[in-house]
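Only one structure is covered here, and it is reproduced in the block below.
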Amino acid sequence: MSRFLLTIAGALLLLVCNASAQAPSPEAMDAARKLVATLKIADQYRAALPQLLLKLRPVVAQDRPEIERDYDAITVDELRQIEAFYAQPAGRKFMEKSDALAQASAQIGQDVSQKAADELKLRLIEALRQKAHKP
1 MSRFLLTIAG ALLLLVCNAS AQAPSPEAMD AARKLVATLK IADQYRAALP QLLLKLRPVV
61 AQDRPEIERD YDAITVDELR QIEAFYAQPA GRKFMEKSDA LAQASAQIGQ DVSQKAADEL
121 KLRLIEALRQ KAHKP
C-alpha cells in the first residue's frame, strides 16, 4: 500500500477516533466511509492479508514443521470460513453495525473504568482518613 494511502487511512482514524472519545457525527462517518470506498482501502487490505499471514508464519511456527503444516491448514480453512460468514446476510449486517458496536463497547469500557477509578479513589480517601490523614 502506498505511503499516501497509509497517510489518508491514518488521517481518517484520527478524525473518526478523536481524543475525547466522543462519537463522530453521522456526517463525518459518512464522509470517512465514502473516502475509504473511493480509495479502495479495504480492497488493498484484503490484498495485503495473504502477505501478512505469510510473514506471521515463521514467527508463529518457529521453524517447527508440524506447526507450519497446522498453521497453513488452519489459515486456509479459517479464511474460507471468514469469507463465507461475511458473504452471508448476518456477516454483511455485522460489517454495517461493527463501527457502532465498537464505539458502544469502548464507551462501556470507559464508563466501567471510570466507575472503578472513582470507587478506588473513595476507598483510598477513606483509608487515609482512618489513619488521620487529610487527602
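Residue numbers (the UniProt record's numbering): 1 to 135. Glycine included, C-beta positions come from ideal geometry on N, C-alpha and C. From a predicted model like this one, the values you see are computed outputs, not experimental measurements.
SER105: member of the alpha helix (DSSP H) spanning 89–130, first to last residue. In terms of Cα proximity to THR75, the closest of PRO65, TYR86, PHE85 and ARG57 is ARG57. Here the C-alpha atom of TYR86 lies approximately 59 Å from the C-alpha atom of LYS131. Contact check for VAL59 against TYR71 fails: the beta carbons are separated by 8 Å or more. Here the alpha carbon of GLU83 sits roughly 9 Å from the alpha carbon of GLY91. In its chain, beyond the 5 residues on either side, ALA61 have a beta carbon closer than 6 Å to the beta carbon of ILE67.
In the structure shown, PRO24 adopts coil according to DSSP, grouped into three states. With respect to the 8 Å criterion, ALA23 and GLN110 are not classified as neighbours on the basis of their beta carbons. Boundaries for ARG64: no alpha helix (DSSP H) harbours it, and the DSSP string shows neither H nor E there. Short of 6 Å from the beta carbon of GLN114, and not among the five residues preceding or following it, lies no beta carbon of its own chain. When the Cα atoms are used, PRO26 and ARG129 turn out to be separated by approximately 48 Å.
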